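Enquirer:
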Amino acid sequence: MEEGRSGDRYRTVGSAALAVQPEAVSSPEARRPRLRLAPPVPVAAPRTPFVLLIVLVVVAGVLGILVLNTKIAEGGIQLTDLKKQQAQLDLREQQITQEITEAESPGRLEAAAKRLGLVPAGSPAFIRLPDGKIIGVPQPATGKPSITSQ
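Sequential numbering of the sequence shown, starting at 214, is according to the working numbering.
#1: Whole angstroms is fine: what's the gap from R245's alpha carbon to P255's?
#2: Just the Cα atoms here: how many angstroms apart are Q308 and L302?
#3: Taking Cβ positions, are P337 and G356 nearer each other than 8 Å?
#4: What residue does the alpha helix (DSSP H) around G289 start on, and which one ends it?
#5: Straight-line CA distance for I313 to L322?
#6: List the endpoints of the continuous alpha helix (DSSP H) containing L322.
Here you go:
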């Protein structure tokens, strides 16, 4: 094989066998130097502001957690106090309900009515509203008023 021929593009000698060989071009454009991409200018950014920012974020996070835990603890204390107050109010409600039940008992109502001078009524009479007819005989209550009512 002759290496001087223009049709030979592959070299078969040595460790770079079958490597593509550039074709020889004698045009003026090919003689100009090739442009290459220059590496970027190294940027030396100051690290102090970034480190301070990270430290501030961490400190703010820790303080936020402390404030949150404090508020939760305060809420727990308030909840305990409110539960105690609720228990006292429930007990007072039960006492008042018991007093009302005792005051509504028939014996207490009768005694209160006698103190006010009321006497037991007889049989009642009714008035029918559509026509105004009286059903039964109305009679005044009879009885002796109690001494305490005067």
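We put the beta carbon where it would ideally sit given N, CA and C, even for glycine.
Keep in mind it's a predicted model, so treat the numbers as computed, not measured.
Expert: In short:
#1: About 29 Å.
#2: Between Q308 and L302, the alpha-carbon positions lie close to 10 Å from each other.
#3: Their beta carbons are not under 8 Å apart, which means P337 does not touch G356 by this criterion.
#4: Counting along the chain, the alpha helix (DSSP H) containing G289 begins and ends at T261 to A316.
#5: Spanning the alpha carbons of I313 and L322 requires a straight line of approximately 12 Å.
#6: P319 to R328 is the extent of the alpha helix (DSSP H) around L322.
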